[in-house]
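*Asks:* Shown below is the structure under consideration.
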Amino acid sequence: MVLIPKVFPARILRPGSQGPLPGALLKGPRARARRRAREYPPPATNLLSLQERPQLKHKILVVDDMPDVLAEARHLLSKTYEVHVARSGKEALECCREHGPFSVVLTDQGMPGMNGTEFLAHMRRGWPDTIRIMMTGYADLELAIEALHEGAIFRFLQKPIRPRELVDAVEGAVARFGRIREERILTQQLQFSRESLLSLTESLEDRLAHQIGRMRGLQRLALRLTRTSSLAEVAEVTASTVSKVLSNRAVRVCLSDEELGFEACAGAGGDLGPEIHEEPIRVIDGRLGMIQVADWGERGERLDEGDREALLTAASISAIAANNQLARHQRDLAHNATVLALKNLASNRDDETDKHLERMCAYSRVLAETMRDQGRHADEIDEAFLRDLEGSIPLHDIGKVGIPDSILLKPDGLEEAEWRIMEKHTTIGARTIRKVLDQSGEQGFLRMGYDIAFAHHEHWDGSGYPRGIAGADIPLAARIAAVADSYDALTSWRPYRGPWSHQEAVAHVIQESGKRFDPDVVEAFRSRLAEIDRIRARLADTPDDYRMRPAA
13 MVLIPKVFPA RILRPGSQGP LPGALLKGPR ARARRRAREY PPPATNLLSL
63 QERPQLKHKI LVVDDMPDVL AEARHLLSKT YEVHVARSGK EALECCREHG
113 PFSVVLTDQG MPGMNGTEFL AHMRRGWPDT IRIMMTGYAD LELAIEALHE
163 GAIFRFLQKP IRPRELVDAV EGAVARFGRI REERILTQQL QFSRESLLSL
213 TESLEDRLAH QIGRMRGLQR LALRLTRTSS LAEVAEVTAS TVSKVLSNRA
263 VRVCLSDEEL GFEACAGAGG DLGPEIHEEP IRVIDGRLGM IQVADWGERG
313 ERLDEGDREA LLTAASISAI AANNQLARHQ RDLAHNATVL ALKNLASNRD
363 DETDKHLERM CAYSRVLAET MRDQGRHADE IDEAFLRDLE GSIPLHDIGK
413 VGIPDSILLK PDGLEEAEWR IMEKHTTIGA RTIRKVLDQS GEQGFLRMGY
463 DIAFAHHEHW DGSGYPRGIA GADIPLAARI AAVADSYDAL TSWRPYRGPW
513 SHQEAVAHVI QESGKRFDPD VVEAFRSRLA EIDRIRARLA DTPDDYRMRP
563 AA
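In terms of our numbering, the sequence shown has 435 at position 423, counting the first letter as 1, and numbering is strictly consecutive.
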């Protein structure tokens, strides 16, 4: 089956696509706080009631002003989900009030009365747990970033969208909604468990002291788990803390998620022995792991009811922490996928082939490794630097998505005014990555990608753009990328000229040492000319590389 498209710019279409879903991203206004109670009345059920009542299917809302698109979306999704449709933002909000809450909402941009971005902003304020997906056929990067910010969307689907891509996106969104619901339920379970612990305090002073000690240990567990950054740390902290809470008994904790390929185990307090008590670490859709505890303590005492209650609470706390780590990993994957989609969007709009990025990554790694081996910037160029460099190089020209096609694809030289516009791709790219960084945190390769996008056209002597910075003020990664990008551009085909030979390009790079390029980077380049030439030959463009590119 094929989703029915609207009319949108031809450059969005790609060979082999099965048909698009229409839409665009536009900025929407914020609703005033005093209107929220009137506009968003409480839904008929909460997340817990969703679990308690019989419900076989997640509820999905699809919003588009074209009946054919709604019919096709219903056809693709209704076998698995309860699908509702609406033809406008206003109608969709009424549907949410009457039939919500929904697990996932997918919306187009160009609808009468209220556009998609405005509608998602309303959804974010009125139904924050609903997972939001934006579909658009427009390649406007600024609007895409605005939608990410205003509507806090889970996925941004660039049209044309294949049916399989749509189904996969909804499946991922439903999984994310399930985790949000699990966290709410687990939090209530934790609160209930804590209240149960409080009720166990007996009149006997020694039992009271023991109980208080367990509670304090569980509080320490909850606090320490908030500082963990991986499943392995969650397992280690849980094992060591539970061992202390239970009078230094032997404890073993194992956590795993087969779907994401995670597994972590840790122990404390020695060997478990032949008799053990097992407490599962559960989430709503199954068991995430297990806490195993020696049934007998060092002084011959057996686990009592208070110990078992403490162990149950520890398992609930650990489940929340482990679930948060898995959610963080999925969120990072989503952000990385968004950045990759933006990179692909930019690379598909100019005259570069996919091999351009492969060559640049290879050249840059060779230059960085050589500089480190030569003792230049060895304290800065470690394995993490090299890994981030390869991840961030593909983002260097991401800002070109904001340059008009009339300039970006011009077959001959640019005029002065056109060059001024072209130079803006550095600031557009930096601003784009900065917005993603602000939402996802200071991830290494994104932070380096920001430096490269902003500064790879700066010159060592200060004559570059956009800021005119010079020397060591230019980030090292950007100085490396500048040499790799220049060499590759010279040895690649352009509409207005043929490729330079390896020798001609090398002579140009050496000539620009100390002027355009960092002398240290050029020296590394000179010492690895044979390797550079092998990379150029191995990854050289062919006529098919240009024929297979999508139409502009």
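Glycine is no exception: its CB is placed at the ideal position from the N, C-alpha and C atoms.
Between the Cα of S539 and the Cα atoms of M372, T382, A334, A326, which residue gives the shortest distance?
*Replies:* The residue with the shortest Cα to Cα distance from S539 is T382.
*Asks:* Should S504 go down as buried or exposed, given a rule of 16 or more other Cβ atoms within 10 Å for buried?
*Replies:* It counts as buried.
*Asks:* In chain order, what residues of the same chain have a beta carbon less than 6 Å from the beta carbon of C373, not counting five sequence neighbours either side?
*Replies:* Hits under 6 Å: E402, I405.
*Asks:* I410 and T444 look like a contact to me (Cβ under 8 Å); what is the Cβ gap, rounded to whole Å?
*Replies:* With a Cβ gap of about 6 Å, I410 and T444 count as contacting.
*Asks:* Exposed or buried, N91, counting other C-beta atoms within 10 Å across all chains shown (16 or more means buried)?
*Replies:* The amino acid at residue 91 is misidentified as Asn; the sequence shows Lys. Looking at its Cβ environment, which holds fewer than 16 other Cβ atoms inside 10 Å, K91 is exposed.
*Asks:* Tell me whether the segment 536-552 and the segment 509-527 touch, counting them as touching only if at least three CB pairs, one residue from each stretch, are closer than 8 Å.
*Replies:* Output reads yes: the segment 509-527 touches the segment 536-552.
*Asks:* According to DSSP, what are the bridge partners of S525?
*Replies:* Looking at the DSSP assignment, S525 forms a beta bridge with F529.
*Asks:* Alpha carbon to alpha carbon, how far is V97 from R432? Give it in angstroms, no decimals.
*Replies:* Cα to Cα, R432 sits roughly 46 Å from V97.
*Asks:* Just curious, the beta strand (DSSP E) that I145 is in, first and last residue?
*Replies:* Run containing I145: 143-148, per the beta strand (DSSP E) assignment.
*Asks:* Short of 6 Å in beta carbon distance, which residues of its chain neighbour E275, apart from the five on each side in sequence? Order them along the chain.
*Replies:* Same-chain partners within the cutoff: S268.
*Asks:* Alpha carbon to alpha carbon, what distance is there between G149 and I173?
*Replies:* Rounded to the nearest angstrom, the two C-alpha atoms are 9 Å apart.
*Asks:* Which residues in the same chain as L541 place their Cβ atom closer than 7 Å to its Cβ, once the five residues preceding and following it in sequence are excluded?
*Replies:* Closer than 7 Å at Cβ, skipping near neighbours: V518.
*Asks:* Ends of the alpha helix (DSSP H) at D500?
*Replies:* Note, D500: alpha helix (DSSP H), 488-502.
*Asks:* Considering only their Cβ atoms, is the gap separating M135 from F168 smaller than 7 Å?
*Replies:* Not closer than 7 Å, so no.
*Asks:* Cα separation between V249 and R236?
*Replies:* Distance between the alpha carbons of V249 and R236 is about 7 Å.
*Asks:* If you compare alpha carbons, which of D497, E195, G281, E103 is closest to L258?
*Replies:* It is G281.
*Asks:* Determine the direct distance from the alpha carbon of Y462 to that of E524, and round the result to whole angstroms.
*Replies:* About 25 Å.
*Asks:* Within the same chain, show all residues whose beta-carbon is closer than 8 Å to that of K102, passing over the 5 residues directly before and after it, in chain order.
*Replies:* Counting only Cβ-Cβ distances below 8 Å, and skipping sequence neighbours, we find G125, M126.
*Asks:* On the criterion of 16 or more Cβ atoms from any shown chain inside 10 Å, does R648 qualify as buried, or is it exposed?
*Replies:* Summary: the structure shown does not reach residue 648, with the chain confined to residues 13 through 564, and so no result is reported for it.
*Asks:* Roughly how far, in whole angstroms, is the beta-carbon of A327 from the beta-carbon of I303, given that I think they are within contact range, below 8 Å?
*Replies:* With 8 Å as the limit, A327 and I303 qualify as a contact, their Cβ atoms being about 6 Å apart.
*Asks:* Tell me the start and end of each unbroken beta strand (DSSP E) in the segment 242-322 that is at least 3 residues and wholly inside, in chain order.
*Replies:* Whole beta strand (DSSP E) segments, 3+ residues: 263-269, 274-280, 288-295, 298-306.
*Asks:* Should E640 be labelled buried (16 or more other beta-carbon atoms within 10 Å of its own) or exposed?
*Replies:* Given a span of 13 to 564 for the chain in the structure shown, any question on residue 640 remains unanswerable.
*Asks:* So, under 8 Å CB-CB, I293 and L300 are touching, yes? Tell me the CB distance rounded to an integer number of Å.
*Replies:* That pair is a contact at about 5 Å.
*Asks:* Taking its Cβ as the centre, do 16 or more other Cβ atoms sit within 10 Å of T142, making it buried, or is it exposed?
*Replies:* Buried: at least 16 other Cβ atoms inside 10 Å.
*Asks:* Would you give the residue range spanned by the beta strand (DSSP E) that F397 belongs to?
*Replies:* Taken as a continuous stretch (DSSP letters only), F397 belongs to no beta strand (DSSP E), being part of the alpha helix (DSSP H) at 395-404.
*Asks:* Can you give me the start and stop residues for the alpha helix (DSSP H) that R548 sits inside?
*Replies:* 541-550 is the extent of the alpha helix (DSSP H) around R548.
*Asks:* Only counting the same chain, and skipping five residues up and downstream in sequence, which positions put a Cβ closer than 7 Å to that of A333?
*Replies:* Counting only Cβ-Cβ distances below 7 Å, and skipping sequence neighbours, we find L237, T240, V246.
*Asks:* What did DSSP end up calling A98 once you bin it into helix, strand or coil?
*Replies:* Looking at A98 - three-state DSSP - the assignment turns out to be strand.
*Asks:* Just to confirm, are L488 and H389 a CB contact at a threshold of 7 Å?
*Replies:* Closer than 7 Å, so yes.
*Asks:* Below 7 Å between beta carbons: does that hold for V117 and R144?
*Replies:* Yes, Cβ-Cβ distance for V117 and R144 is below 7 Å.
*Asks:* Are R261 and S255 closer than 7 Å when you measure CB to CB?
*Replies:* Yes, these two residues count as a Cβ contact at 7 Å.
*Asks:* Look at the Cβ atom of D530, then the Cβ atom of R479, and state whether they are nearer than 7 Å.
*Replies:* Not in contact: D530 and R479 (Cβ atoms no closer than 7 Å).
*Asks:* Just how far apart, CA to CA, sit R377 and G387?
*Replies:* So the alpha carbons of these two residues sit roughly 16 Å apart.
*Asks:* Please report how far the alpha carbon of E106 lies from the alpha carbon of S100, in whole angstroms.
*Replies:* Each residue's alpha carbon lies about 10 Å from the other.
*Asks:* Could you spell out the range, first to last residue, of the alpha helix (DSSP H) harbouring T129?
*Replies:* From DSSP, the alpha helix (DSSP H) with T129 extends over 128-138.
*Asks:* Just to confirm my understanding: we take K69, look at its own chain, exclude 5 residues before and 5 after, and list those with CB closer than 8 Å. What are they?
*Replies:* These residues qualify, in order along the chain: T92, Y93, E94.
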